[in-house]
Amino acid sequence: MAELRWNPLLKTYTMVADNRQNRPHLPEDWCPFCPGPGKKVPPNYDVYAYDNDFPALKLDPDEPNIQGTDLYKVEKNYGKCEVILYSPDHNITLPQLPVEHIFKLVNLWVERFKELSKDEKIKYIFPFENRGKEVGVTMLHPHGQLYAYSWIPLKLKVELDNCKEYYEENGKCLICEMNKEEKEFQKRILFENDSFLVYLPFFTDYPYGAFIVSKSHKGNLSEFDEKEKWDLAEALKLLTGGFDALFDKPFPYMMNIHQTPVNSEEYADSNKYYHFHIEFYPPLRDKDKIKWYASSEMGAWAAANTMAVEETAITLRNAIEKFKKIQ
Numbered sequence: 001m002a003e004l005r006w007n008p009l010l011k012t013y014t015m016v017a018d019n020r021q022n023r024p025h026l027p028e029d030w031c032p033f034c035p036g037p038g039k040k041v042p043p044n045y046d047v048y049a050y051d052n053d054f055p056a057l058k059l060d061p062d063e064p065n066i067q068g069t070d071l072y073k074v075e076k077n078y079g080k081c082e083v084i085l086y087s088p089d090h091n092i093t094l095p096q097l098p099v100e101h102i103f104k105l106v107n108l109w110v111e112r113f114k115e116l117s118k119d120e121k122i123k124y125i126f127p128f129e130n131r132g133k134e135v136g137v138t139m140l141h142p143h144g145q146l147y148a149y150s151w152i153p154l155k156l157k158v159e160l161d162n163c164k165e166y167y168e169e170n171g172k173c174l175i176c177e178m179n180k181e182e183k184e185f186q187k188r189i190l191f192e193n194d195s196f197l198v199y200l201p202f203f204t205d206y207p208y209g210a211f212i213v214s215k216s217h218k219g220n221l222s223e224f225d226e227k228e229k230w231d232l233a234e235a236l237k238l239l240t241g242g243f244d245a246l247f248d249k250p251f252p253y254m255m256n257i258h259q260t261p262v263n264s265e266e267y268a269d270s271n272k273y274y275h276f277h278i279e280f281y282p283p284l285r286d287k288d289k290i291k292w293y294a295s296s297e298m299g300a301w302a303a304a305n306t307m308a309v310e311e312t313a314i315t316l317r318n319a320i321e322k323f324k325k326i327q
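Counting from 1, one number per residue, gives the positions in the sequence shown under UniProt numbering.
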């Protein structure tokens with residue numbers, strides 16, 4: 001069973017994909033992403049885009065298993081799901097990779113963005129990473145994922161609409177203004193380089209919910225020059241390394257790349273008002289304490305952060321400095 005089911009209450013789709021029930025769960029004696037005889041991955045690679053073996057979205061979509069109605073619309077599960085392999089080394093992690101290797105990862109994201117955007121049915125390209133058992137990771141090999149949706153998912157649509165409204169009312173980019181305010185306040189800034197500002201936003205849901213935001217007003221990965229891509233690689237290494245140094249253990253997180261849609265009439269001018277950034281959702285609030293995204297957060301979308309980010313920014317800044325010293 002695989003289809004897109006329309007939620008009329010929220011005006012967005014739910015992906016139904018029962019094939020994902022068969023995914024391997026933390027196998028101890030094998031890994032499909034490690035090079036070796038009979039594997040789908042190349043014998044030698046640095047970074048690699050791998051078609052997901054258990055996709056929720058497909059370029060050759062399945063016929064829906066249920067008939068839709070005027071109220072409950074059903075669509076084919078058109079789209080693409082890819083696994084983005086960070087390294088052939090099964091035991092390495094993103095912050096352990098050198099910047100020049102992470103630069104290759106950024107370039108792979110760019111290449112996949114450009115290639116997938118050629119398909120006019122694709123409307124949003126969403127690279128992300130789930131790291132750690134705490135956020136449901138089922139394969140420990142270092143990897144992220146990429147979903148290419150045939151619609152614009154709700155949370156991204158809300159951001160786009162609010163940025164558009166702010167631009168129309170103020171003639172300015174909302175995220176540029178966020179950068180400006182965070183720079184002026186300073187206390188939530190974690191670090192910066194020539195191209196990116198890294199901070200805990202005033203409003204973030206999580207105690208350590210950092211954003212990486214481009215300093216220049218650019219909408220998506222394909223717009224970055226070589227210097228900006230290198231600086232993004234450096235920012236990713238420092239932030240994720242700081243996460244690990246925070247409690248001296250591998251730090252779980254969800255990493256989500258937010259960028260302009262593609263092939264969208266509704267958001268054809270989104271480069272005017274939308275701005276590339278990466279949002280991190282790390283569920284730890286202490287070394288062995290989870291900040292659960294529970295009923296209020298999930299059911300009402302009403303977040304409750306358990307700590308003031310002006311305080312956690314100090315702790316995370318110190319952890320990033322600690323990570324720098326051991327490099």
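The beta carbon of each residue, even a glycine, is placed where N, CA and C say it ideally should be. Computed from a predicted model, the values in this text were never measured in an experiment.
The beta carbons of residue 183 and residue 175 sit no closer together than 8 Å.
Taking 8 Å as the cut-off, the Cβ atoms of residue 61 and residue 44 do not count as close. In the DSSP assignment, residue 257 is bridged to 278. In this structure, DSSP gives residue 298 a helical state, which the three-state scheme calls helix. A residue is called buried once 16 or more other Cβ atoms fall within 10 Å of its Cβ, and residue 231 is buried on that count. 115 is the residue among 108, 49, 84 and 115 whose C-alpha sits nearest the C-alpha of residue 262. Comparing alpha carbon positions, the residue from 59, 314 and 293 closest to residue 305 is 293. A direct Cα-to-Cα measurement between residue 196 and residue 180 gives close to 13 Å.
Rounded to whole angstroms, residue 275 and residue 57 show a C-alpha spacing of 26 Å. For residue 230, there is no enclosing beta strand (DSSP E); the enclosing alpha helix (DSSP H) covers residues 226-246.
Put simply, of 112, 193 and 208 the residue whose alpha carbon is nearest the alpha carbon of residue 228 is 193. Under DSSP, residue 127 shares a beta bridge with 146. Non-local C-beta neighbours of residue 48 in its own chain, meaning closer than 7 Å and more than five positions away in sequence, comprise 41, 42 and 85, ordered along the chain.
Residue 51 is bridged by DSSP to 82. Looking at the DSSP output, residue 214 shares a beta bridge with 196. With contacts defined by Cβ atoms closer than 8 Å, residue 240 and residue 309 do not form a contacting pair.
Comparing alpha-carbon positions, the option among 313, 107, 287 and 258 lying closest to residue 208 turns out to be 313. Secondary structure at residue 188: coil, using DSSP grouped into helix, strand and coil. Assigned with DSSP and collapsed to three states, residue 4 falls in strand. Pairing residue 143 with residue 291, the inter-Cα distance amounts to about 24 Å.
When the Cα atoms are used, residue 12 and residue 126 turn out to be separated by approximately 16 Å. Sorting 28, 103 and 150 by C-alpha distance to the C-alpha of residue 120 places 150 at the top. Looking only at 214, 269 and 147, the smallest Cα-Cα distance to residue 122 is reached by 147. Boundaries cannot be given for residue 60, as no beta strand (DSSP E) includes it and DSSP labels it neither H nor E.
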